[in-house]
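S.K.: Please find one structure pasted underneath; my questions will follow.
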Amino acid sequence: MTNTSKRAVVFAYHNVGVRCLKVLLAGGVDVALVVTHQDSASENIWFESVISVCQLEGIPYITPEHAKGDDLLEQVKAAKPDLMFSFYYRHMLPAELLDVAPAYNMHGSLLPQFRGRAPVNWAVLHGAHETGATLHEMTVKPDAGAIVAQTAVPILPDDTAHDVFGKVEVAAEITLWKVLPGLLAGTAPRLPNELAKGSYFGGRKPEDGRIDWSKPAQEVYNLHRAVAPPYPGAFTDVGGHRYIIERARLSRQNLPSLPPGLAVVDNGIFGVCGDGRALAISSLLADGAPISAGELSERLATNS
Numbered sequence: 001m002t003n004t005s006k007r008a009v010v011f012a013y014h015n016v017g018v019r020c021l022k023v024l025l026a027g028g029v030d031v032a033l034v035v036t037h038q039d040s041a042s043e044n045i046w047f048e049s050v051i052s053v054c055q056l057e058g059i060p061y062i063t064p065e066h067a068k069g070d071d072l073l074e075q076v077k078a079a080k081p082d083l084m085f086s087f088y089y090r091h092m093l094p095a096e097l098l099d100v101a102p103a104y105n106m107h108g109s110l111l112p113q114f115r116g117r118a119p120v121n122w123a124v125l126h127g128a129h130e131t132g133a134t135l136h137e138m139t140v141k142p143d144a145g146a147i148v149a150q151t152a153v154p155i156l157p158d159d160t161a162h163d164v165f166g167k168v169e170v171a172a173e174i175t176l177w178k179v180l181p182g183l184l185a186g187t188a189p190r191l192p193n194e195l196a197k198g199s200y201f202g203g204r205k206p207e208d209g210r211i212d213w214s215k216p217a218q219e220v221y222n223l224h225r226a227v228a229p230p231y232p233g234a235f236t237d238v239g240g241h242r243y244i245i246e247r248a249r250l251s252r253q254n255l256p257s258l259p260p261g262l263a264v265v266d267n268g269i270f271g272v273c274g275d276g277r278a279l280a281i282s283s284l285l286a287d288g289a290p291i292s293a294g295e296l297s298e299r300l301a302t303n304s
């Protein structure tokens, strides 16, 4: 890429934030300011740090509590950006910020599908066979602006959301790298984002990982894949204990004679589902600690 004199303000967090920030720097963009988040002590931080990149590269950064308010607006204006970018920043940008300069967001799906929060997790939960990354113009309405570029990635049958997120990170980097010269030159495409043909989903909470064993095995497996660690995990409560599935596969063995729920068969742990099929569980946590098939069998016998 050729060097440019374009200045940018970047709102960024998480691995996609790190990768896309590095693409801008490699593309010769003058990143005048980064707006990011302080890591939360209550969150499992398994991803890379945007702050660390800023410190390494000598980029000014700030960590406001929200994206509203005159202080942030004045700091962004003072940076005099030609462009603004949002890469997995967790707050919606209000209209007054979007009015400062043309703004673009990197979203973790093939828009208009899976607009909104946690797009990778929702795609896996719904059994999608592909997803990707989309760079689009930012509007006040979330994920609704014109599409600039997108890159698809496959979702394989046993991929967890974490597996897919790794692919989406690379897709985001490729998407931005390919379109950045045109974006800086003002020649990037603007494709319609046909919202009526897409879908929108809200954020997910740990409680959304509760397993309904009456569901078919594929649905339960999709739930496990969607929230498997490092996400909070699919869980079930039995006899006052909380069991979280760490690793599992769809079993080739049907168990129609057993009631739905956790079971131990031939020293193996299974999650029996409403259609008689089962998940073969290779790693199960009980109240946060690993539990063996023998230990689980004793507990289940006590609870029966």
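Numbering (UniProt numbering), first residue to last: 1 to 304.
Don't be surprised by glycine CBs; every beta carbon is placed ideally from N, CA and C.
Just so we're clear, the structure is a prediction, and the values are computed from it rather than from any experiment.
Would the segment 216-236 count as touching the segment 167-180 if we require 3 or more Cβ pairs under 8 Å?
M.R.: No, the segment 216-236 does not touch the segment 167-180.
S.K.: In the DSSP assignment, what residue or residues form a beta bridge with Val153?
M.R.: Taking the first residue of the sequence shown as position 1, residue 153 is located at position 153. Bridge partners of Val153: Thr131.
S.K.: Closest by CA to Phe114, which one among Asp99, Thr134, Arg7, Glu96?
M.R.: Within the sequence shown, residue 114 is the residue found at index 114, counting from 1. If we check each option's Cα against that of Phe114, Thr134 comes out closest.
S.K.: To the nearest angstrom, how far is the alpha carbon of Pro229 from that of Pro192?
M.R.: In the sequence shown, residue 229 corresponds to position 229, counting from 1. In the sequence shown, residue 192 corresponds to position 192, counting from 1. C-alpha separation (whole angstroms): 36 Å.
S.K.: Going by DSSP, what residues sit across from Leu33 in a beta bridge?
M.R.: Counting from one through the sequence shown, the residue named residue 33 turns up at place 33. Looking at the DSSP assignment, Leu33 forms a beta bridge with Val9.
S.K.: Would you mind sorting Asn3 into buried or exposed? The rule is 16 or more other CB atoms within 10 Å of its CB.
M.R.: Residue mapping note: residue 3 aligns to position 3 of the sequence shown, counting from 1. Because the pLDDT of Asn3 is 44, which lies under 50, any placement of that residue in the model is unreliable, and the number read from its coordinates should be weighed accordingly. The residue is exposed, with fewer than 16 neighbouring Cβ atoms inside 10 Å.
S.K.: So, using beta-carbon positions, are Pro102 and Ala67 closer together than 9 Å?
M.R.: Residue numbering aside, residue 102 sits at position 102 when the sequence shown is read from its first letter. Residue numbering aside, residue 67 sits at position 67 when the sequence shown is read from its first letter. Cβ atoms of Pro102 and Ala67: not closer than 9 Å.
S.K.: Enumerate in chain order the residues of its own chain whose CB-to-CB distance from Lys77 is below 7 Å, with the five nearest sequence positions on each side excluded.
M.R.: For the purposes of this step, residue 77 is taken as residue 77 along the sequence shown, with counting starting at 1. Excluding residues within five positions, the ones whose Cβ falls inside 7 Å are Val100.
S.K.: Where do the N-terminal and C-terminal ends of the alpha helix (DSSP H) with Tyr221 fall, by residue?
M.R.: Position 221 of the sequence shown, counting from 1, holds the residue named residue 221. Per DSSP, Tyr221 belongs to the alpha helix (DSSP H) from 217-227.
S.K.: Report yes if the CB atom of Val153 is closer than 9 Å to the CB atom of Gly132, and no otherwise.
M.R.: The residue you call residue 153 lines up with position 153 of the sequence shown. The residue you call residue 132 lines up with position 132 of the sequence shown. Taking 9 Å as the Cβ cut-off, Val153 and Gly132 qualify as a contacting pair.
S.K.: Report yes if the C-beta distance between Leu33 and Phe85 is below 9 Å; otherwise report no.
M.R.: The sequence position of residue 33 within the sequence shown is 33, counting from 1. The sequence position of residue 85 within the sequence shown is 85, counting from 1. No; because the gap between Cβ atoms is not below 9 Å, this pair is not in contact.
S.K.: Leaving aside the five residues before and after Val140 along the sequence, list all residues of the same chain whose C-beta is less than 6 Å from its C-beta, in chain order.
M.R.: Within the sequence shown, numbered from 1, the residue matching residue 140 stands at position 140. Result list for Val140: Ala95, in chain order.
S.K.: How about Arg242: is its Cβ closer than 8 Å to a heavy atom in the ligand SAH?
M.R.: With respect to small molecules bound, the structure shown includes none, and the ligand SAH cannot be examined in it.
S.K.: Should Leu83 and Lys6 be called a contact, given that it needs their Cβ atoms to be closer than 9 Å?
M.R.: As a working mapping, residue 83 is identified with position 83 in the sequence shown. As a working mapping, residue 6 is identified with position 6 in the sequence shown. Cβ atoms of Leu83 and Lys6: closer than 9 Å.
S.K.: Give me the residue from Val31, Ser297, Lys215 with the minimum Cα distance to Asp275.
M.R.: Counting from one through the sequence shown, the residue named residue 275 turns up at place 275. Among Val31, Ser297, Lys215, the Cα nearest to that of Asp275 is on Lys215.
S.K.: For the beta strand (DSSP E) that Gly268 lies in, which residues bound it at each end?
M.R.: The residue given as residue 268 occupies position 268 in the sequence shown. Note, Gly268: beta strand (DSSP E), 268-272.
S.K.: What's the gap between the Cα of residue 372 and the Cα of Val50?
M.R.: Outside the modelled stretch of the chain, which goes from 1 to 304, sits residue 372, for which no answer is possible.
S.K.: Taking 9 Å as the cut-off, decide whether the C-beta atoms of Ile245 and Leu279 are in contact.
M.R.: On the sequence shown, residue 245 is found 245 positions in, with the first residue counted as 1. On the sequence shown, residue 279 is found 279 positions in, with the first residue counted as 1. Yes, Cβ-Cβ distance for Ile245 and Leu279 is below 9 Å.
S.K.: How would you call Leu111, buried or exposed, if buried means at least 16 neighbouring beta carbons within 10 angstroms?
M.R.: In the sequence shown, residue 111 corresponds to position 111, counting from 1. The residue is buried, with at least 16 neighbouring Cβ atoms inside 10 Å.
S.K.: Distance, Cα to Cα, Arg255 vs Ala128?
M.R.: The sequence position of residue 255 within the sequence shown is 255, counting from 1. The sequence position of residue 128 within the sequence shown is 128, counting from 1. For the record, residue 255 in the displayed sequence is Leu; it is not Arg. The alpha-carbon atoms of Leu255 and Ala128 are separated by roughly 27 Å.
S.K.: Work out the CA separation of Tyr61 and Ala79 for me, nearest whole Å.
M.R.: The residue labelled residue 79 in the question sits at position 79 within the sequence shown. The residue labelled residue 61 in the question sits at position 61 within the sequence shown. Looking at the two C-alpha atoms, the distance is approximately 11 Å.
S.K.: Among Leu156, Ser251, Leu56, which residue has its Cα nearest to the Cα of Val220?
M.R.: Taking the first residue of the sequence shown as 1, we reach residue 220 at position 220. Checking every option, the nearest Cα to that of Val220 belongs to Ser251.
S.K.: Taking all protein chains shown into account, do 16 or more other C-beta atoms lie within 10 angstroms of the C-beta of Pro260, making it buried, or fewer, making it exposed?
M.R.: Stepping through the sequence shown from its first residue, residue 260 is reached at position 260. Buried, since its Cβ has 16 or more Cβ neighbours within 10 Å.
S.K.: Take Arg90 and list the residues in its own chain whose beta-carbon comes closer than 7 Å to its own, dropping the five residues that flank it on each side.
M.R.: In the sequence shown, residue 90 corresponds to position 90, counting from 1. Correct list, in chain order: Tyr13, His37.
S.K.: Could you pull out every residue in the same chain whose Cβ sits closer than 7 Å to the Cβ of Pro142, ignoring the five residues on either side in sequence?
M.R.: Within the sequence shown, the letter at position 142 stands for residue 142. Contacts found: Met92, Arg115, Gly116.
S.K.: Nearest-angstrom Cα distance between Glu48 and Asn303?
M.R.: Residue numbering aside, residue 48 sits at position 48 when the sequence shown is read from its first letter. Residue numbering aside, residue 303 sits at position 303 when the sequence shown is read from its first letter. When rounded, the distance between both Cα atoms is 43 Å.
S.K.: Exposed or buried, what is Thr63 when buried is set at 16 or more other beta-carbons lying within 10 Å of its beta-carbon?
M.R.: On the sequence shown, residue 63 is found 63 positions in, with the first residue counted as 1. Exposed, by the Cβ-count rule.
S.K.: Have a look at the DSSP bridge pairing and note the partners of Arg242.
M.R.: The residue labelled residue 242 in the question sits at position 242 within the sequence shown. Paired residue(s): Asp237.
S.K.: With a Cβ-Cβ cutoff of 9 Å, do Leu262 and Leu300 count as a contact?
M.R.: Numbered from 1 along the sequence shown, position 262 holds the residue referred to as residue 262. Numbered from 1 along the sequence shown, position 300 holds the residue referred to as residue 300. Result yes, Cβ atoms of Leu262 and Leu300 sit closer than 9 Å.
S.K.: Is the Cβ-Cβ distance between Gln253 and Val264 less than 9 Å?
M.R.: Within the sequence shown, the letter at position 253 stands for residue 253. Within the sequence shown, the letter at position 264 stands for residue 264. Taking 9 Å as the Cβ cut-off, Gln253 and Val264 do not qualify as a contacting pair.
S.K.: Take the Cβ of Thr187 as the centre, count every other Cβ of all protein chains shown within 10 Å, and call the residue buried at 16 or more, exposed below.
M.R.: Taking the first residue of the sequence shown as 1, we reach residue 187 at position 187. It is exposed - the Cβ of Thr187 has fewer than 16 other Cβ atoms within 10 Å.
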